[in-house]
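With the sequence shown counted from 1, adding 70 to any position gets you the numbering used here. For each residue, glycine too, the CB sits at the ideal point set by N, CA and C. Being a predicted model, the structure only gives us computed values, none of them experimental.
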Amino acid sequence: MQLATISRQIKINGVRELYGNNFSASYPSLAQALPLEDLQLIEKATNAVREAIQQDCPAEIYPIMAKHITYMEEISKQKIAAHKFSEEFKRETGMTMDEFKSQIQLSKPSVSLVGLFNDRSKLKETIQKNPGVMFSVLVSI
71 MQLATISRQI KINGVRELYG NNFSASYPSL AQALPLEDLQ LIEKATNAVR
121 EAIQQDCPAE IYPIMAKHIT YMEEISKQKI AAHKFSEEFK RETGMTMDEF
171 KSQIQLSKPS VSLVGLFNDR SKLKETIQKN PGVMFSVLVS I
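In structure tokens:
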């Protein structure tokens, strides 16, 4: 399992889910920085990495990885969006991050649980195609 890959994929999917499919094309500079600035994306990635460690970590290194989980959770709790980024986001989009996300959610059709299970299955499939086990913790989560 590659934790960096899991985190990155969750953030990519999260940007699409929270900001819409066209956000990256419409606002490339914002999209690049967003995974490090949006607290919801950081929380989603942290939770996915924690879950992956808890499920797939070999027993002999689990105590070390459990400390990494604690570290990631503490860091993610302290993270806030940089004021400069928030200003740039509002200047480019005309809305705050929360306003933008609310607008996207209002424009979406309702989502069934089947769709959520399909997304999770795709992520698991991606991980299974890369069977190499590599535990690397992202400090930037």
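- The segment 81–99 makes no contact with the segment 138–149, as fewer than three CB pairs between them are under 8 Å.
- For the alpha helix (DSSP H) assignment, the uninterrupted runs of no fewer than 4 residues enclosed by the segment 109–192 are, from N- to C-terminal side, 109–126, 132–148, 153–163 and 167–177.
- A115 is positioned such that its CB atom lies closer than 7 Å to that of K81.
- In the DSSP assignment, N83 falls within the alpha helix (DSSP H) that extends over L73 to Y89.
- Taking a contact as a CB-CB distance under 8 Å, the pair A152 and E107 counts as one, their CB atoms being some 6 Å apart.
- R161 places its beta carbon 7 Å or farther from that of I139.
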